[in-house]
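Heads up: the sequence lines are chains A and B, in that order. Residues in the first sequence are numbered consecutively from 0, following numbering that gives the first Met the number 0. Residues in the second sequence are numbered consecutively from 0, following numbering that gives the first Met the number 0. Virtual Cβ for every residue (Gly too), placed ideally from N, Cα, C. This structure is a prediction, so every number in the text was calculated from the model and none was measured.
Protein chains: 2
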Amino acid sequence: MANIKLSAISTRAPKDFDKQETKEKLLSILEKLDALQNLLYAESKHSILVVIQGMDASGKDGTIRNVFGKLNPQGVKVKSFKVPTAEELSHDFLWRVHAAAPAKGEIQIFNRSHYEDILVTRVHNMIDDDMARKRMKAINQFEQLLKEHNNTKILKFYLHVSPEEQQERLKERIEDPAKQWKYNENDFREAKLWDEYMKVYEDCFEYCNDIPWTIVPADQNWYKEYVIASTLLDTLKGLDMKFPGLKKEVSPKL
Amino acid sequence: MANIKLSAISTRAPKDFDKQETKEKLLSILEKLDALQNLLYAESKHSILVVIQGMDASGKDGTIRNVFGKLNPQGVKVKSFKVPTAEELSHDFLWRVHAAAPAKGEIQIFNRSHYEDILVTRVHNMIDDDMARKRMKAINQFEQLLKEHNNTKILKFYLHVSPEEQQERLKERIEDPAKQWKYNENDFREAKLWDEYMKVYEDCFEYCNDIPWTIVPADQNWYKEYVIASTLLDTLKGLDMKFPGLKKEVSPKL
Chain A
0 MANIKLSAIS
10 TRAPKDFDKQ
20 ETKEKLLSIL
30 EKLDALQNLL
40 YAESKHSILV
50 VIQGMDASGK
60 DGTIRNVFGK
70 LNPQGVKVKS
80 FKVPTAEELS
90 HDFLWRVHAA
100 APAKGEIQIF
110 NRSHYEDILV
120 TRVHNMIDDD
130 MARKRMKAIN
140 QFEQLLKEHN
150 NTKILKFYLH
160 VSPEEQQERL
170 KERIEDPAKQ
180 WKYNENDFRE
190 AKLWDEYMKV
200 YEDCFEYCND
210 IPWTIVPADQ
220 NWYKEYVIAS
230 TLLDTLKGLD
240 MKFPGLKKEV
250 SPKL
Chain B
0 MANIKLSAIS
10 TRAPKDFDKQ
20 ETKEKLLSIL
30 EKLDALQNLL
40 YAESKHSILV
50 VIQGMDASGK
60 DGTIRNVFGK
70 LNPQGVKVKS
80 FKVPTAEELS
90 HDFLWRVHAA
100 APAKGEIQIF
110 NRSHYEDILV
120 TRVHNMIDDD
130 MARKRMKAIN
140 QFEQLLKEHN
150 NTKILKFYLH
160 VSPEEQQERL
170 KERIEDPAKQ
180 WKYNENDFRE
190 AKLWDEYMKV
200 YEDCFEYCND
210 IPWTIVPADQ
220 NWYKEYVIAS
230 TLLDTLKGLD
240 MKFPGLKKEV
250 SPKL
């Protein structure tokens with residue numbers, strides 16, 4: 000994914016996608032996901048990590064509600080990464096992330112993630128390029144660890160909205176009483192750093208793509224949700240899972 | 000540390016070490032350690048991870064009591080790694096280890112460690128050579144992460160006893176009422192696998208030596224304790240620490 004230019008990638012659904020049809024397809028995918036998630040949990044051999052990144056108002060929360068909201072919460076967990084606490088800052092940046100990694104059988108969703116440590120921190124010059132590269136290397140190795148040593152499939156989604164769509168949505172957060180709780184006075188200030196954010200995202204897609212990113216056109220929620228749900232469906236189908244049958248009693252052993 | 004042969008390394012103190020003199024030196028080292036640990040905690044810039052490995056009855060518990068027992072428990076923590084629980088087994092093998100990594104300012108002692116995952120597991124054929132290599136690589140990367148991203152100095156000690164000394168000590172566990180609580184019926188069975196254990200330890204010292212191991216002659220407790228305490232002292236002295244002075248009030252910030 001070398002030299003990717005986000006501004007050259009459409010933020011909208013391809014022309015041949017019909018909104019109503021796609022919404023119906025999504026419903027049928029969600030049903031299949033529910034069954035496959037149950038199988039994933041029952042088999043407990045694989046784990047799934049879904050990383051959701053995107054600018055403010057790119058639709059991260061809505062994605063989680065609409066794509067994952069109907070699945071059994073026993074096997075589906077969401078971790079929102081906020082500004083690190085003092086305790087978290089006293090450890091390496093992956094410490095809190097590793098703690099939240101999925102157990103076998105689980106789908107773990109990251110609302111923001113370890114990628115913030117090479118995004119917001121870079122835009123605000125809290126780390127230099129050299130440290131950013133070191134963190135990227137550590138991130139690649141960490142993702143490899145989960146993949147090789149815990150059968151974790153990692154799906155990384157960037158919710159790609161246009162700056163115009165973002166502005167629309169931020170304004171709604173002021174005007175719509177049901178959205179005002181999401182408004183943060185930093186939002187518009189951060190939005191002015193759009194170009195800087197695009198640059199660090201592009202860099203991240205270039206250097207942290209051993210486990211590949213999916214750029215999801217996200218101006219239309221129905222298309223965004225369809226892309227993510229169908230990517231997850233394909234992933235689960237690809238695992239070749241079976242119900243394990245009657246268990247023998249196994250006691251843990253070194 | 001290529002092609003190390005443990006059987007060729009002495010398990011006893013060098014001839015010029017006098018027991019009484021060394022014990023007195025240890026006391027003076029312990030006093031210095033106490034002051035430096037306080038400084039480490041106050042400065043909260045570096046962290047120390049002490050990994051203690053060794054065969055059964057090689058003196059791991061005694062080391063912890065006699066070398067670290069006098070330090071302030073507020074900044075010194077011990078984690079004993081036992082047979083993994085079902086929850087731990089549902090994650091990658093480094094998950095529980097990373098969770099126990101030291102915060103800045105702390106000395107964290109591992110009584111056994113992530114190395115068990117390439118030692119006992121190999122001797123009992125729970126993993127093959129290919130998986131062992133993969134785990135070794137992951138271990139090296141993990142230790143690098145702590146070093147580069149949390150200023151963690153890692154000290155790795157192998158308590159090197161002779162098989163004869165081990166047999167002596169295991170017999171004491173049966174005979175001495177104050178030691179019987181340590182006796183485990185597996186001890187003698189595991190001791191018979193001595194050669195297999197030496198082989199996997201030697202392999203570990205060869206492949207996981209990016210952050211180097213110290214082989215500690217451990218048949219005499221006074222010498223073992225002296226080596227570990229003085230290694231820790233040298234490490235702390237090398238950190239060039241200062242008391243940070245009056246703090247400005249800093250609120251965490253992304």
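Is residue i buried or exposed, if buried means 16 or more other CB atoms sit within 10 Å of its CB?
i               : result
L26 of chain A  : exposed
N149 of chain A : buried
W94 of chain A  : buried
V96 of chain B  : buried
A228 of chain B : buried
A177 of chain B : exposed
E20 of chain A  : exposed
E142 of chain B : buried
Beta-carbon separation of residue i and residue j under 9 Å?
i               : j               : result
P101 of chain A : T62 of chain A  : no
Y225 of chain A : F16 of chain A  : yes
L235 of chain A : L35 of chain A  : yes
Y40 of chain A  : Q73 of chain A  : yes
E201 of chain B : I3 of chain B   : yes
L169 of chain B : D186 of chain B : yes
L238 of chain B : H45 of chain B  : yes
L232 of chain A : K31 of chain A  : yes
K59 of chain B  : R132 of chain B : no
Can you pull the chain A neighbours of residue i, defined as C-beta to C-beta under 9 Å?
i               : result
S43 of chain B  : S89
A98 of chain B  : W94, H97, A98
E195 of chain B : What E195 of chain B touches in chain A: nothing, since even the nearest Cβ is about 15 Å away.
E86 of chain B  : A102
Using a Cβ-Cβ cut-off of 7 Å (strictly less than) and excluding sequence neighbours within five positions of residue i, which residues of its own chain qualify?
i               : result
M54 of chain A  : V160, Q165, Y196
D218 of chain B : T10, R11, V160, S161, E164
L245 of chain A : none
D116 of chain A : F92, R134
K241 of chain B : E42
I8 of chain B   : H159, I214
T230 of chain B : L154, T213
Listing by chain order, which chain A residues have their CB less than 7 Å from the CB of residue i?
i               : result
E174 of chain B : Within 7 Å Cβ-Cβ: nothing; E174 of chain B doesn't reach chain A, min ~27 Å.
A154 of chain B : Looking at the sequence provided, one finds Leu at residue 154 of chain B rather than Ala. Within 7 Å Cβ-Cβ: nothing; L154 of chain B doesn't reach chain A, min ~18 Å.
Could you tell me which of the options sits nearest to residue i, measuring between CA atoms?
i               : options                        : result
E86 of chain B  : A:P243, A:H90, A:D91, A:A99    : A:A99
L29 of chain A  : A:S46, A:D60, A:S43, A:K69     : A:K69
K24 of chain A  : A:M240, A:F242, A:K223         : A:K223
L5 of chain B   : B:D233, B:P216, B:T230         : B:P216
N124 of chain A : A:L32, A:E171, A:L192, A:T84   : A:L192
L144 of chain B : B:L32, B:A190, B:I210, B:D127  : B:I210
K76 of chain B  : B:V122, B:I106, B:D194         : B:I106
K136 of chain B : A:R132, A:E147, A:A131         : A:E147
S57 of chain A  : A:N208, A:E171, A:A177, A:S229 : A:E171
C207 of chain B : B:E189, B:T230, B:A228, B:I138 : B:I138
A190 of chain B : B:N65, B:F156, B:R64, B:V122   : B:V122
T120 of chain B : B:K14, B:V82, B:R64, B:G104    : B:V82
K103 of chain A : A:I153, A:R64, A:A177          : A:I153
Suppose the cutoff is 6 Å on Cβ atoms and the five residues either side in sequence are ignored; what does the same chain contact list for residue i look like?
i               : result
K18 of chain A  : W221
F109 of chain B : V50, K78
L118 of chain B : V199
L38 of chain B  : M240
Q52 of chain B  : Y114, Y157
N65 of chain B  : E224
P243 of chain B : E42
I126 of chain B : T120
Identify the contact partners of residue i in chain A, using a Cβ-Cβ distance below 8 Å as the criterion.
i               : result
K103 of chain B : S89, H90
List the residues of chain B that residue i touches, going by C-beta distances under 7 Å, in chain order.
i               : result
N124 of chain A : Under the 7 Å cutoff, chain B gives no residues; its nearest Cβ is about 12 Å from N124 of chain A.
Leaving out the 5 sequence neighbours to the left and right, which residues in its chain are closer than 8 Å to residue i when beta-carbon positions are compared?
i               : result
D33 of chain A  : K69, L70, N71
W180 of chain A : none
I173 of chain B : Q179, Y182
Using a cut-off of 8 Å between C-beta atoms, extract the partners of residue i located in chain B.
i               : result
K133 of chain A : E147, H148
L144 of chain A : D91, L93, A137, Q140, F141
Is the CB of residue i under 9 Å away from at least one CB in chain E?
i               : result
E205 of chain B : Here the protein chains are A and B, and chain E is not one of them.
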